[in-house]
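Have a look at the structure below before the remarks.
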């Protein structure tokens, strides 16, 4: 199915569950934006594989996928022996956790499901509680994004030109997204605005996923080479920047996000353009004391040395762009210091990055 | 012939002339870095086409190509009728000028050749003078780049990590290049250093041309996504930035260069990293009074929406990367203000950008 004829409805989610078939339903994100396809995983092993192979990606989306995957695994259990059931829970939990070992969201989501199951006395009760907890996790993810949208929409005035980097849209969550939430809420309120999506090399999530999402939602937008936003800011063509984050340090206000985010924050500060970061509360890391402690993943050289895309024949292909005898450095993320950030948009409101620690009681801090 | 087995010699130039065959010899730059091939244009029409179709690109290189092309055209003239000869000169001049109508270098170069021919009394004398003038133009281009290298090499200390953007290397000139000249001179002086080449989307001249050149010269280097340098600066991994320019305003010190240059200058200023621009004197525009008067070319969307490269089969191909229903903005250049530039490296020495006007007598200004 071609995306250009696909129209998204309000009821569609990035991650969903089919109780009749005991299947997790996922948008096959690796095919976007050239092909739209929903895959149904038949068992928890397939669900784990979908996380591992990046059929689904993004913090909220993989959290919900793991929660549903755990429910899927326990629902498939046959019998009423509680000891055997517990062994099955442990096995499913481990397989799903191992699918993306450094991610924190799947673990948090599955811990919620396990905590809910404690209240059940029989296998049947525990199964029902697991499914309900997974549904609740997914619904809360949507609700938090809606709240981000409610707070953030105020920042987008009519006629605004908004820059975003990478993809922190509904494809990265169960629905709505974080950086995109204020845009969708502003759109629902009838505001007119224009979005510039940084291409976001080397993996081009802006040109592929964010642009696709905005096209589906009917939000006017243009893609930019990552080199171009500075020039547009200089010419007064950008009014606001909103990005997502992979990790915000609650103690310092530092923001980790896709490589290139720091550069855009430096440019925005020079041009006195407001720079916002939209996140759910689960993205706040209350432990780390310095941005220099955040491990920055060095990814494969091949991402920088070439590009994946579609040939005129529609066949997906990788082309080597760079000189064949040259190598590349490929840091995947960077850290933006709090002085460059106007505000952190959360479901609980908008905060100055350096006020997060002071406001930690409101922001879900558990000591 | 594969580039990885090609070894560049000191005697090789981007643009050269074969007097026996009356042919201009050009590196076919559109095939780089995947294939190295020298083409010989058989007449001035083919030379004009090579300029037009970007077989050869870069200010100095197209200047020398036009000068040689004009000599090639007049050398092909048969007879000794001076009127008919003059008509031929005008025709060749016009065809070569029309190949790249907005470029200033071909015109300046051909004017030098025409001025030299004035001194000849016969067709044979004029032909000899034309060829000598074209050779002199090319030799001066090389000499100017050597002088840039002599001044700029002092800036590269042993162990330095140097960032460059786009291609201002020997492929853009007859030899040596401008931004690369200090690197090659430092290398010749026995210094060890490392170069980071920005990929330079959307046309990727850094990943293709600059990386290829540095590999040929044996200069250790890595390619970076355009998003990555900010992070490396933050971590203290870049000591110096050197770029070229398409136009430097002599009255204000503003620098026009490939899109993304301004962004790197802003980042360098924040991190107190010296930022230099290397240019021949012909790049200085003494007329314009403001950077806002510089026309910024908006190029084809398709450059941003996809990438050219090589398939595993070695076939050259374009892949569409972006969402098929999205468009792009594609400004080709940006303007960097003088306060972000540490110095302008010229054949006449290194100058503060705001001192160019004061020093105009040294810098070839003609009122």
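Residue numbers (the working numbering), protein chains in the order written: chain B, 1 to 367; chain Y, 368 to 734. Each residue gets a CB set at the ideal place from its N, CA and C atoms; glycine is no exception.
Residue i vs residue j beta-carbon contact at 8 Å
| i | j | result |
| --- | --- | --- |
| residue 106 (chain B) | residue 176 (chain B) | no |
| residue 699 (chain Y) | residue 666 (chain Y) | yes |
| residue 522 (chain Y) | residue 643 (chain Y) | yes |
| residue 336 (chain B) | residue 255 (chain B) | yes |
| residue 574 (chain Y) | residue 321 (chain B) | yes |
| residue 250 (chain B) | residue 285 (chain B) | yes |
| residue 67 (chain B) | residue 113 (chain B) | yes |
| residue 567 (chain Y) | residue 536 (chain Y) | no |
| residue 349 (chain Y) | residue 319 (chain B) | No answer is possible for residue 349 (chain Y): the residues shown for chain Y start at 368 and end at 734. |
Assigned secondary structure, residue i (DSSP; H/G/I helix, E/B strand, else coil)
| i | result |
| --- | --- |
| residue 221 (chain B) | strand |
| residue 694 (chain Y) | strand |
| residue 463 (chain Y) | helix |
| residue 716 (chain Y) | strand |
| residue 581 (chain Y) | helix |
| residue 709 (chain Y) | coil |
| residue 384 (chain Y) | strand |
| residue 367 (chain B) | coil |
| residue 447 (chain Y) | coil |
| residue 569 (chain Y) | coil |
| residue 111 (chain B) | helix |
| residue 371 (chain Y) | Its pLDDT being 28, under 50, residue 371 (chain Y) is placed unreliably in this model, and the value from its coordinates should be taken loosely. Looking at residue 371 (chain Y) - three-state DSSP - the assignment turns out to be helix. |
| residue 355 (chain B) | helix |
| residue 376 (chain Y) | A caution first: residue 376 (chain Y) carries a pLDDT of 44, below 50, which makes its placement in the model unreliable, though a value can still be read off. In this structure, residue 376 (chain Y) counts as coil in the three-state DSSP scheme. |
| residue 362 (chain B) | coil |
| residue 34 (chain B) | coil |
| residue 101 (chain B) | coil |
| residue 516 (chain Y) | helix |
| residue 546 (chain Y) | coil |
| residue 593 (chain Y) | coil |
| residue 287 (chain B) | coil |
| residue 139 (chain B) | helix |
| residue 541 (chain Y) | coil |
| residue 574 (chain Y) | helix |
| residue 90 (chain B) | helix |
| residue 189 (chain B) | coil |
| residue 535 (chain Y) | coil |
Residues bridged to residue i (per DSSP)
| i | result |
| --- | --- |
| residue 310 (chain B) | B:316, Y:687 |
| residue 195 (chain B) | B:162, B:221 |
| residue 665 (chain Y) | Y:698 |
| residue 487 (chain Y) | DSSP output for residue 487 (chain Y) lists no bridge partner at all. |
| residue 406 (chain Y) | Y:393 |
| residue 703 (chain Y) | Y:622 |
Residue i CB to nearest heavy atom of the ligand SAM below 7 Å
| i | result |
| --- | --- |
| residue 117 (chain B) | As presented, the structure is devoid of all ligands, the ligand SAM included, so that no description of it is given. |
Residue i burial status per 10 Å Cβ neighbour count (16 or more: buried)
| i | result |
| --- | --- |
| residue 347 (chain B) | buried |
| residue 369 (chain Y) | Note that residue 369 (chain Y) scores 25 on pLDDT, short of 50, meaning its location in the model is unreliable and no value can be drawn from it. |
| residue 414 (chain Y) | buried |
| residue 19 (chain B) | exposed |
| residue 38 (chain B) | exposed |
| residue 54 (chain B) | exposed |
| residue 469 (chain Y) | exposed |
| residue 362 (chain B) | exposed |
| residue 526 (chain Y) | exposed |
| residue 657 (chain Y) | exposed |
| residue 125 (chain B) | exposed |
| residue 720 (chain Y) | buried |
| residue 581 (chain Y) | buried |
| residue 82 (chain B) | exposed |
| residue 489 (chain Y) | exposed |
| residue 14 (chain B) | buried |
| residue 620 (chain Y) | buried |
| residue 485 (chain Y) | exposed |
| residue 90 (chain B) | exposed |
| residue 246 (chain B) | buried |
| residue 659 (chain Y) | exposed |
| residue 461 (chain Y) | exposed |
| residue 680 (chain Y) | exposed |
Contacts that residue i makes with chain D (C-beta to C-beta distance below 9 Å)
| i | result |
| --- | --- |
| residue 612 (chain Y) | In summary, chain D is missing from the structure at hand, where the protein chains are B and Y. |
**Item:** Inside the stretch 595 to 652 of chain Y only - beta strand (DSSP E) runs reaching at least 3 residues
**Value:** 607 to 610, 614 to 616, 622 to 625, 642 to 645
**Asked** Of all the alpha helix (DSSP H) runs that stay within the bounds of the stretch 414 to 445 of chain Y, which reach a length of 4 or more residues?
**Response** 426 to 442
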